[in-house]
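Note that this note's numbering numbers the sequence shown so that position 62 is 53, with each residue one more than the last. Following: one structure in structure tokens, then a few remarks.
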Amino acid sequence: MKCPCGSQKDYKECCAPLHAGAAKAETAEALMRSRYSAFAKNQMQYLKDTTDPQTLQNIDEEANQEWADRAKFLKLEILKAEEKGTKGTVEFKAFYSVDDEEYIHHEVSTFRKQNGEWFFKSGKVKEAKA
Ligand SMILES: [Zn+2]
């Protein structure tokens, strides 16, 4: 089965080891991809584990869970990925559908590297445009 993150690799050779805690994302982009596939695979604990603890306080876990339960994750498109030292920025479009309606979530996420591990720091949603 191909990984939901769009890498064209098998899930077990792509994001699965990250979800299982057997490997760490080496780049901010890899973390972003693995977080998208975590939604698709209902790996909510992984989403928590890779979120900056300070950010976690502001995250509505129930809303995330509900979204993961209801949405079908169609594909992920990385538009831009940059890293500068311990800071990473990834701009992406996540394509998903709810009740057969298709949506695009366009976001610029920032990531922070701490002790060699990448964490999701914050996200800024861009105006949705098809
Ligand atoms: Zn993947």
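For every residue, glycine included, the Cβ atom is placed at its ideal position computed from N, Cα and C. Computed from a prediction, not measured in an experiment: that's the story for all the values here.
{"Asked": "Shortest alpha-carbon distance to Lys117 belongs to which of Gln34, Ala16, Gln45 and Leu70?", "Found": "Leu70"}
{"Asked": "Run through the DSSP bridge pairs and tell me what Lys104 is partnered with.", "Found": "Trp109"}
{"Asked": "Tell whether a beta-carbon distance below 9 Å holds between Thr101 and Thr80.", "Found": "yes"}
{"Asked": "Going by C-alpha distance, which of Cys5, Val89, Ala29 and Thr18 is nearest Lys104?", "Found": "Thr18"}
{"Asked": "Taking the alpha helix (DSSP H) that Ser25 falls in, what are its first and last residues?", "Found": "Ala19 to Ala31"}
{"Asked": "For the alpha helix (DSSP H) that contains Lys39, what are its first and last residues?", "Found": "Met35 to Asp40"}
{"Asked": "Measuring from the CB of Arg24, is there a heavy atom of ligand 1 at a distance below 8 Å?", "Found": "yes"}
{"Asked": "Is there a Cβ from chain D that is less than 9 Å from the Cβ of Gly107?", "Found": "No chain D appears in this structure, which consists of one protein chain only."}
{"Asked": "Is Pro(-5) near ligand 1, with its Cβ less than 8 Å from a heavy atom?", "Found": "yes"}
{"Asked": "Cutting at 6 Å between CB atoms, please list the residues of its own chain near Glu82, excluding the five before and the five after it.", "Found": "Leu70, Lys71 and Val99"}
{"Asked": "Got a sec, what are the start and stop residues for the beta strand (DSSP E) Glu68 sits in?", "Found": "Lys63 to Lys75"}
{"Asked": "Can you tell me whether Asp60 is helix, strand or coil according to DSSP?", "Found": "helix"}
{"Asked": "State the Cα-Cα distance for the pair Ala85 and Pro(-5), rounded to the nearest angstrom.", "Found": "11 Å"}
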